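Accompanying notes for the structure given below.
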Amino acid sequence: MTTRTRILTGITTTGTPHLGNYAGAIRPAILASRDSNADSFYFLADYHALIKCDDPLRIQRSRLEIAATWLAGGLDVDRVTFYRQSDIPEIPELTWLLTCVAAKGLLNRAHAYKASVDKNVETGEDPDAGITMGLYSYPVLMAADILMFNAHKVPVGRDQIQHVEMARDIGQRFNHLFGQGKEFFTMPEALIEESVATLPGLDGRKMSKSYDNTIPLFSSAKEMKDAISRIVTDSRAPGEAKDPDNSHLFTLFQAFATPAQSDEFRSELLQGLGWGEAKNRLFQLLDSELGESRERYHQLIERPADLEDMLQIGAKKARSVATPFLHELREAVGLRSFVAQTQVAATTKKKAAKTARFVSFREDDGSFRFRLLAADGEQLLLSRNFADGKTAGQVTKQLQSGQPLDVRSEDLSFSVWLEGECIADSPAFADSAARDAAIGALRIALTPVQE
Numbered sequence: 034m035t036t037r038t039r040i041l042t043g044i045t046t047t048g049t050p051h052l053g054n055y056a057g058a059i060r061p062a063i064l065a066s067r068d069s070n071a072d073s074f075y076f077l078a079d080y081h082a083l084i085k086c087d088d089p090l091r092i093q094r095s096r097l098e099i100a101a102t103w104l105a106g107g108l109d110v111d112r113v114t115f116y117r118q119s120d121i122p123e124i125p126e127l128t129w130l131l132t133c134v135a136a137k138g139l140l141n142r143a144h145a146y147k148a149s150v151d152k153n154v155e156t157g158e159d160p161d162a163g164i165t166m167g168l169y170s171y172p173v174l175m176a177a178d179i180l181m182f183n184a185h186k187v188p189v190g191r192d193q194i195q196h197v198e199m200a201r202d203i204g205q206r207f208n209h210l211f212g213q214g215k216e217f218f219t220m221p222e223a224l225i226e227e228s229v230a231t232l233p234g235l236d237g238r239k240m241s242k243s244y245d246n247t248i249p250l251f252s253s254a255k256e257m258k259d260a261i262s263r264i265v266t267d268s269r270a271p272g273e274a275k276d277p278d279n280s281h282l283f284t285l286f287q288a289f290a291t292p293a294q295s296d297e298f299r300s301e302l303l304q305g306l307g308w309g310e311a312k313n314r315l316f317q318l319l320d321s322e323l324g325e326s327r328e329r330y331h332q333l334i335e336r337p338a339d340l341e342d343m344l345q346i347g348a349k350k351a352r353s354v355a356t357p358f359l360h361e362l363r364e365a366v367g368l369r370s371f372v373a374q375t376q377v378a379a380t381t382k383k384k385a386a387k388t389a390r391f392v393s394f395r396e397d398d399g400s401f402r403f404r405l406l407a408a409d410g411e412q413l414l415l416s417r418n419f420a421d422g423k424t425a426g427q428v429t430k431q432l433q434s435g436q437p438l439d440v441r442s443e444d445l446s447f448s449v450w451l452e453g454e455c456i457a458d459s460p461a462f463a464d465s466a467a468r469d470a471a472i473g474a475l476r477i478a479l480t481p482v483q484e
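Each residue of the sequence shown is one higher than the one before, counting from 34 in my numbering.
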């Protein structure tokens with residue numbers, strides 16, 4: 034089977050998206066999502082926003098604007114899992130499970146916390162003045178975001194590499210304490226895109242809401258032109274050669290232009306193109322590049338119910354992964370059903386008793402399939418078709434190996450996935466309670482008996 038790389042990206046919902054957000058995170062993420070070998074999870078990090086902002090209206094507006102930005106930029110919600118962090122209740126629960134194994138010394142070394150402490154000390158304040166547990170525990174919440182979906186790659190800026198490394202440390206600790214030979218969590222890797230632009234703002238510093246030097250991404254054409262007119266340039270007059278390599282305006286142009294357009298613009302600057310005309314060229318480029326997306330963005334903003342529907346669909350997709358996985362993690366730490374615990378104990382003591390079993394068979398078309406039958410004969414799973422018996426046998430061995438199960442609920446049934454592919458489905462159940470009970474029976478049936 035082909036292994037798909039799972040990629041996870043979040044963006045904090047604390048402000049209006051600007052050109053820097055788009056060029057540095059949103060645009061490259063959307064392009065990456067079109068890779069057939071990528072299994073992409075993109076989310077609005079609105080729990081993280083609460084750490085930085087206590088203005089409810091700003092957070093609500095930002096969630097709407099950022100959701101619309103992703104979609105207007107071309108994100109295909111049928112190809113990816115696109116959701117709000119706050120729509121996945123399993124994430125805060127996993128955050129607590131991870132908090133219970135995260136070392137305080139590790140969190141003491143987090144850059145954001147250390148910077149806040151250092152600032153307080155410099156000004157003669159108490160070291161922890163104004164520091165919330167949200168800021169202090171931020172790396173654990175980020176670890177939960179990543180580990181909940183066992184992301185392989187996490188695209189981040191260099192200032193976030195430490196948080197991915199901390200997610201690895203916390204995940205390894207959990208695996209060691211509760212895995213009993215299993216690796217519940219995949220170890221994520223930070224993905225640093227060297228080619229992704231870090232855009233300067235109006236004053237030359239990094240474009241950032243905190244510096245109030247941004248160019249809003251989907252503002253009106255007039256507002257964009259006014260913002261561009263405020264970009265700081267040197268005092269060289271029209272006719273004098275300009276230095277493109279030290280021009281913030283040229284850096285912005287380059288981030289949205291083709292190589293040929295960039296070469297032509299560079300040549301014109303060297304030949305003395307005036308800054309006023311250069312700013313007009315930048316405006317024309319951005320207006321041409323973003324005009325269609327801007328129109329789509331404003332259509333989406335005016336239809337919040339459509340955005341809500343898309344995010345709810347995304348949440349359902351995300352929870353089909355998160356819910357069964359969290360159930361497995363709860364069992365690993367001892368938060369188990371008393372009934373299931375009794376059944377497992379009984380199975381351990383009565384080795385000779387009837388157990389769940391796989392039954393393989395061959396279809397008329399020559400393909401191979403298998404059923405998993407519970408101890409009472411009830412069918413728990415029916416596999417998809419396999420080209421040969423050897424492959425079907427390898428899959429049954431993987432299911433019995435004790436590795437974490439990827440079980441995804443789908444209305445009144447569920448499916449089992451291995452390495453990003455669906456390999457078996459359950460029958461339809463009368464209600465969700467019966468479906469969940471069958472998932473529990475499945476996990477018990479595939480739990481290796483301990484000697």
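Glycine is no exception: its CB is placed at the ideal position from the N, C-alpha and C atoms. The model shown is predicted, which means the values in this text are computed figures rather than measured ones.
Check                                                                                                                                                                                           : Outcome
Give the secondary structure of Leu-275 by DSSP, where H, G and I count as helix, E and B as strand, and everything else as coil.                                                               : According to the sequence displayed, residue 275 carries Lys and not Leu. In this structure, Lys-275 counts as coil in the three-state DSSP scheme.
State buried or exposed for Leu-303, treating a residue as buried only when at least 16 other CB atoms are found within 10 Å of its CB.                                                         : exposed
Mind reading off the beta-carbon distance from Ala-143 to Pro-122? Whole number of angstroms is fine, and I expect it under 8 Å.                                                                : In fact, because the Cβ distance is near 25 Å, the residues do not count as touching under 8 Å.
In terms of residue numbering, what span does the alpha helix (DSSP H) encompassing Leu-130 cover?                                                                                              : 123 to 132
According to DSSP, is Glu-155 part of a helix, a strand, or is it coil?                                                                                                                         : helix
So who's on the other strand from Glu-222, going by DSSP bridges?                                                                                                                               : Lys-186
Can you tell me which of the three DSSP states Pro-50 falls into?                                                                                                                               : coil
Go ahead and label Trp-308 buried or exposed: buried means 16 or more other beta carbons lie within 10 angstroms of its beta carbon, across all protein chains shown.                           : buried
By DSSP, does Ile-456 sit in helix, in strand, or in coil?                                                                                                                                      : strand
Out of Asp-342, Ile-44, Ala-105, Phe-74, point me to the one whose CA is closest to Lys-85's CA.                                                                                                : Ile-44
Report whether the distance from the Cβ of Ile-44 to the nearest heavy atom of the ligand NAD is below 7 Å.                                                                                     : With respect to the ligand NAD, the structure shown offers nothing to examine, as it has no ligands at all.
Between which two residues does the alpha helix (DSSP H) harbouring Gly-43 extend?                                                                                                              : From DSSP, Gly-43 is part of no alpha helix (DSSP H) but of the beta strand (DSSP E) over 38 to 45.
Would you identify the three-state DSSP class for Ser-434, choosing helix, strand or coil?                                                                                                      : coil
Go ahead and label Asp-486 buried or exposed: buried means 16 or more other beta carbons lie within 10 angstroms of its beta carbon, across all protein chains shown.                           : No information on residue 486 is available, as it lies outside the stretch 34 to 484 that the chain covers here.
Within 8 Å, do at least three Cβ pairs link the stretch 49 to 57 to the stretch 191 to 200?                                                                                                     : no
Please report the Cβ distance between Leu-344 and Arg-117, rounded to the nearest whole angstrom; I am assuming they are in contact, meaning their Cβ atoms lie under 8 Å.                      : 6 Å
Return the first residue and the last residue of the alpha helix (DSSP H) that Ser-95 is part of.                                                                                               : 89 to 105
Should Leu-77 and Val-187 be called a contact, given that it needs their Cβ atoms to be closer than 8 Å?                                                                                        : no
Evaluate the contact criterion for the stretch 334 to 342 versus the stretch 88 to 100: three or more CB pairs, one atom per stretch, below 8 Å.                                                : yes
Roughly how many angstroms separate the alpha carbons of Thr-38 and Glu-216, rounded to a whole number?                                                                                         : 17 Å
Using CA coordinates, which residue listed in Asp-120, His-360, Asp-458, Ala-62 is at the minimum distance from Glu-341?                                                                        : Asp-120
Under 8 Å, with one C-beta from each stretch per pair, do the stretch 233 to 247 and the stretch 209 to 224 reach the 3-pair mark?                                                              : no
Give me the residue from Glu-452, Asp-444, Trp-450 with the minimum Cα distance to Pro-460.                                                                                                     : Asp-444
Going by beta carbon distance, what residues of the same chain come within less than 6 Å of Ala-135, once the five residues before and after it are set aside?                                  : Val-173, Ile-203
For the beta strand (DSSP E) that Arg-402 lies in, which residues bound it at each end?                                                                                                         : 401 to 406
Select from Asn-418, Val-150, Arg-263, Met-257 the residue whose C-alpha is nearest the C-alpha of Gly-163.                                                                                     : Val-150
Using the Cα positions of Phe-74 and Phe-251, report the straight-line distance between them to the nearest angstrom.                                                                           : 24 Å
I'd like to know if the stretch 400 to 418 and the stretch 469 to 476 are in contact, where contact means that at least 3 CB-CB pairs between them fall below 8 Å.                              : yes
Leaving aside the five residues before and after Val-366 along the sequence, list all residues of the same chain whose C-beta is less than 7 Å from its C-beta, in chain order.                 : Leu-130, Phe-211
Assuming Leu-405 contacts Ala-478 (C-beta within less than 8 Å), just tell me the rounded distance between them.                                                                                : 7 Å
Using three-state DSSP, classify Ser-465 as helix, strand or coil.                                                                                                                              : helix
Starting from the C-beta of Phe-115, find all residues in its chain whose C-beta is less than 6 Å away, skip the five residues before and the five after it, and write them out in chain order. : Tyr-75, Gly-347
By how many angstroms is the C-alpha of Ala-389 removed from the C-alpha of Ala-463?                                                                                                            : 22 Å
Specify, as a first and last residue, the run of the alpha helix (DSSP H) that Tyr-75 falls within.                                                                                             : No alpha helix (DSSP H) holds Tyr-75; the beta strand (DSSP E) holding it covers 71 to 78.
With Leu-168 and Ala-145 assumed to form a contact (beta carbons below 8 Å), what rounded beta-carbon distance in angstroms separates them?                                                     : 6 Å
Asn-418: buried (16+ other C-beta within 10 angstroms of its C-beta) or exposed?                                                                                                                : exposed
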